[in-house]
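**Q** Numbering (our numbering), first residue to last: 23 to 693.
If you scroll down you'll find the structure; I have some questions about it.
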């Protein structure tokens with residue numbers, strides 16, 4: 023067979039008719055059974071007419087078919103399928119292609135496809151390829167399956183199901199209508215790219231404003247008369263809800279409206295959000311008017327401040343930033359971070375103020391608190407009120423009122439006031455006494471354990487504690503407070519007592535003249551000693567020379583002045599002794615010296631962690647490097663010469679120094 027002649031004839035004369043077998047198709051109707059009776063499979067019938075030199079071919083031929091995604095170039099899908107021994111009679115042939123998915127699982131996804139065909143008939147030495155690919159045309163009814171049809175486009179086909187009146191605005195692509203519509207004749211619509219209406223009736227994905235790409239990715243799950251009219255907005259279902267803003271969400275309910283960016287209404291009815299990233303979980307007629315605010319539910323609640331929260335209840339108003347109302351009725355939180363826990367008609371109007379509950383309470387001072395009760399006021403900063411008609415009107419006052427029907431108010435700052443007929447300590451029967459303490463002028467702990475309060479022996483004041491008959495005294499003198507462990511008070515007991523100096527707040531154990539915050543006359547023993555004020559062990563030294571020595575300076579032994587130190591000046595100096603403490607804010611944790619024998623004015627670290635002045639001119643310093651003395655006075659450097667470093671190591675670097683000079687944290691360990 024002349025290959026060139028055959029190809030020309032084949033291109034001019036090939037007639038391609040494709041159709042799916044064993045299936046029927048019809049236009050969408052309502053109320054009918056739309057399920058197919060059996061799966062269609064992946065194979066399709068391909069039929070054509072073959073001529074050679076203008077004559078119809080009658081022969082037995084082999085065909086090769088390849089599926090491509092473009093009329094030229096492009097990508098082949100799946101493998102080339104060979105169909106052998108095909109009977110061609112009067113030019114007609116018929117083959118079944120892709121019956122075993124030869125073209126791949128994703129061969130037909132709605133995009134256009136072309137067949138590349140080669141043929142070899144009896145007497146041909148080889149296959150002859152058609153010089154152009156043949157388009158595969160769908161059967162007309164395949165585009166209108168029962169209750170579902172596809173609108174093809176070059177970007178992303180639209181899929182429309184349900185009521186035949188459901189529609190996608192012209193020019194929109196990637197739209198999906200899963201079903202629904204037709205209730206009272208109402209349709210579902212998608213008016214912007216990639217919108218979705220899963221079902222229901224009279225639902226809208228997009229804003230139907232004529233522009234088809236400004237409200238894309240909107241979704242309505244179902245329900246009736248819902249609109250996802252914001253870009254990427256979502257309405258899960260319900261009735262007459264609108265997710266109007268970008269990324270807005272209405273999960274369900276009725277007549278809810280979100281116009282704030284990325285805000286959410288969980289459900290309920292007649293709820294509204296007009297601010298960014300706000301949330302109304304549900305309820306009725308709630309309004310979130312400020313960014314990032316939250317209403318948990320209830321009715322007619324309002325958030326007017328950013329990050330404000332109303333948990334629920336009725337007619338509550340968190341009207342300022344970060345205000346919180348947990349619930350209740352007619353409560354208001356009107357200042358920054360103010361809180362009302364519940365109750366009715368309570369007001370937290372001071373910054374960071376709190377009303378725990380009750381009724382008609384007001385916390386108007388900064389950080390003020392009303393625990394609960396009725397008609398209480400905490401008007402002073404840091405004030406506290408509770409009970410009934412308690413008025414903490416001054417700063418840092420505590421006022422508690424009993425059931426007396428009259429105001430009980432503070433008169434000055436820092437008061438602790440209790441209005442009560444009687445107060446009992448250690449007794450529930452104080453009688454007519456304003457303050458009753460169990461016992462006759464002392465605290466009775468039972469048995470022989472008691473604490474007596476008075477002025478025995480002429481001392482200004484004594485608290486005598488008697489545990490099991492062994493007396494221990496706390497008594498006061500003009501100089502301070504004494505804790506005596508003797509059986510008689512007076513200075514003689516201080517050998518076994520504690521003294522607190524009233525002028526310096528120094529504490530002496532075994533001495534009445536403490537020179538430090540804790541001064542112990544004698545030996546101190548302890549299992550564990552924790553030092554939190556510093557990180558090294560140091561001693562006090564005298565330093566030779568007139569110049570001041572600053573913290574972090576590297577010191578060596580002064581060979582001309584026994585017991586003294588001086589600045590380091592030589593590299594690899596074996597007389598290296600320590601580092602002046604205090605550099606980098608690290609203070610000595612433990613300082614050793616013998617008073618009047620080895621006193622000195624300069625505190626030098628001999629062990630532990632401390633910062634040292636260092637230079638990296640000869641070599642950069644890295645954590646773990648051994649450090650020695652440098653020729654730069656008072657500075658350390660990296661020890662490179664290990665032989666010279668023997669006996670001249672101050673310690674190991676715990677931080678680095680790449681260039682120049684600076685402080686390096688070192689673990690002091692003389693070697």
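Cβ atoms here follow ideal geometry from the backbone N, Cα and C, with glycine treated the same way.
Buried or exposed, going by whether 16 or more other CB atoms sit within 10 Å of the CB of residue 324?
**A** Burial call: buried.
**Q** Taking the alpha-carbon positions, what's the residue 75 to residue 94 distance?
**A** Near 26 Å, if we compare the C-alpha coordinates of residue 94 and residue 75.
**Q** When DSSP labels each residue in this structure, what does residue 667 get in the three-state scheme?
**A** Correct three-state label for residue 667: helix.
**Q** Is residue 255 buried or exposed, if buried means 16 or more other CB atoms sit within 10 Å of its CB?
**A** Answer is buried; the Cβ neighbour count reaches 16.
**Q** Between 532, 190 and 186, which lies nearest to residue 174 when the distance is taken from Cα to Cα?
**A** Residue 190 is the option with its Cα nearest to residue 174.
**Q** Could you give the uninterrupted runs of the beta strand (DSSP E) lying entirely in the region 89-172, keeping only those of 3 residues or more?
**A** The qualifying runs are 98-110, 114-119 and 136-143.
**Q** Is the separation between the beta-carbon of residue 633 and that of residue 574 shorter than 7 Å?
**A** Going by C-beta atoms, residue 633 is nearer than 7 Å to residue 574.
**Q** If I measure Cβ to Cβ from residue 383 and keep anything under 6 Å in the same chain, skipping five residues before and after, which residues do I get?
**A** Same-chain partners within the cutoff: 368, 377, 392 and 398.
**Q** Output yes or no for whether 7 Å exceeds the beta carbon distance between residue 282 and residue 305.
**A** Result no, Cβ atoms of residue 282 and residue 305 do not sit closer than 7 Å.
**Q** Should the region 606-615 be regarded as contacting the region 659-669, the criterion being three or more beta carbon pairs within less than 8 Å?
**A** Short answer: they don't touch.
**Q** Can you tell me whether DSSP reads residue 351 as helix, strand or coil?
**A** In this structure, residue 351 counts as strand in the three-state DSSP scheme.
**Q** Candidates 624, 655, 680 and 626: which alpha carbon is nearest residue 647's?
**A** The residue with the shortest Cα to Cα distance from residue 647 is 680.
**Q** Closest to residue 180 by C-alpha separation, out of 153, 151, 272 and 211, would be which residue?
**A** Of the listed residues, the one whose Cα sits closest to residue 180 is 211.
**Q** Tell me the residue span of the beta strand (DSSP E) that contains residue 651.
**A** Start and end: 648-651.
**Q** Ignore the nearest five residues each way along the sequence and tell me which others in residue 694's own chain have a CB closer than 6 Å to its CB.
**A** As shown, the chain starts at 23 and ends at 693. That puts residue 694 outside it, with no answer to give.
**Q** Run through DSSP, which three-state label would residue 685 get?
**A** DSSP places residue 685 in strand when its eight states are reduced to three.
**Q** Taking the alpha carbon of residue 215 as the reference point, which residue from 222, 83, 231 and 202 has its own alpha carbon closest?
**A** Nearest C-alpha to residue 215: 231.
**Q** Give the range of the beta strand (DSSP E) segment to which residue 715 is assigned.
**A** Summary: the structure shown does not reach residue 715, with the chain confined to residues 23 through 693, and so no result is reported for it.
**Q** Across which residues does DSSP place residue 413 in a beta bridge pair?
**A** Per DSSP, 399 and 431.
**Q** Can you say whether residue 686 is buried or exposed, counting buried as having 16 or more other CB atoms within 10 angstroms of its CB?
**A** The residue in question, residue 686, is buried, as its Cβ has 16 or more Cβ neighbours within 10 Å.
**Q** Indicate the three-state DSSP secondary structure (helix, strand or coil) for residue 438 in the structure shown.
**A** If DSSP states are grouped into helix, strand and coil, residue 438 belongs with the strands.
**Q** Between which residues of its own chain and residue 46 is the CB-CB distance below 7 Å, once the five residues before and five after are set aside?
**A** Reliability of the predicted coordinates at residue 46 is poor, the pLDDT of 25 falling under 50, and no value is obtained from them.
**Q** Report all residues from its chain with a CB closer than 6 Å to the CB of residue 597; omit the five preceding and five following residues, and keep chain order.
**A** Within the same chain, residue 597 has close Cβ partners 578 and 579.
**Q** Kindly say whether residue 408, judged by its beta-carbon, lies nearer than 7 Å to any beta-carbon of chain D.
**A** Absent from the structure: chain D. Only one protein chain is present.
**Q** Tell whether a beta-carbon distance below 7 Å holds between residue 69 and residue 116.
**A** Contact flag set, yes.
**Q** Cβ atoms of residue 271 and residue 241: under 7 Å apart, would you say?
**A** In this structure, residue 271 does not lie closer than 7 Å to residue 241 by Cβ.
**Q** On a CA-only basis, which of 187, 622, 196 and 594 is nearest residue 178? Give me that one, please.
**A** Among 187, 622, 196 and 594, the Cα nearest to that of residue 178 belongs to 196.
**Q** Apply the 10 Å Cβ neighbour rule to residue 97 and answer buried if 16 or more other Cβ atoms are within range, or exposed otherwise.
**A** When all chains shown are included, residue 97 counts as exposed.
**Q** Near residue 144, what residues of its chain come up, given a Cβ to Cβ distance below 8 Å and the 5 sequence neighbours on each side ignored?
**A** For residue 144, where only same-chain residues beyond five positions count, the Cβ hits under 8 Å are 81, 82 and 83.
**Q** So is residue 147 buried or exposed if we call it buried at 16+ other beta carbons inside 10 Å?
**A** Residue 147 should be labelled exposed.
**Q** Just checking my contact of residue 642 with residue 675 at CB under 8 Å: how many whole Å lie between their CB atoms?
**A** Rounded, the Cβ-Cβ distance is 10 Å, inconsistent with contact.
**Q** Residue 524 to residue 385, Cα distance in whole Å?
**A** Cα-Cα distance, rounded: 39 Å.
**Q** Using three-state DSSP, classify residue 605 as helix, strand or coil.
**A** Note: residue 605 maps to helix in three-state DSSP.
**Q** What does the alpha-carbon distance come out to for the pair residue 696 and residue 593?
**A** Here the chain comprises residues numbered 23 to 693, so residue 696 is not present and cannot be evaluated.
**Q** Compute the beta-carbon to beta-carbon distance between residue 340 and residue 352, rounded to the nearest angstrom, for a pair I have assumed lies under 8 Å.
**A** Not really, about 13 Å apart at Cβ, beyond 8 Å.
**Q** Who are residue 541's beta bridge partners in DSSP?
**A** Per DSSP, 530.
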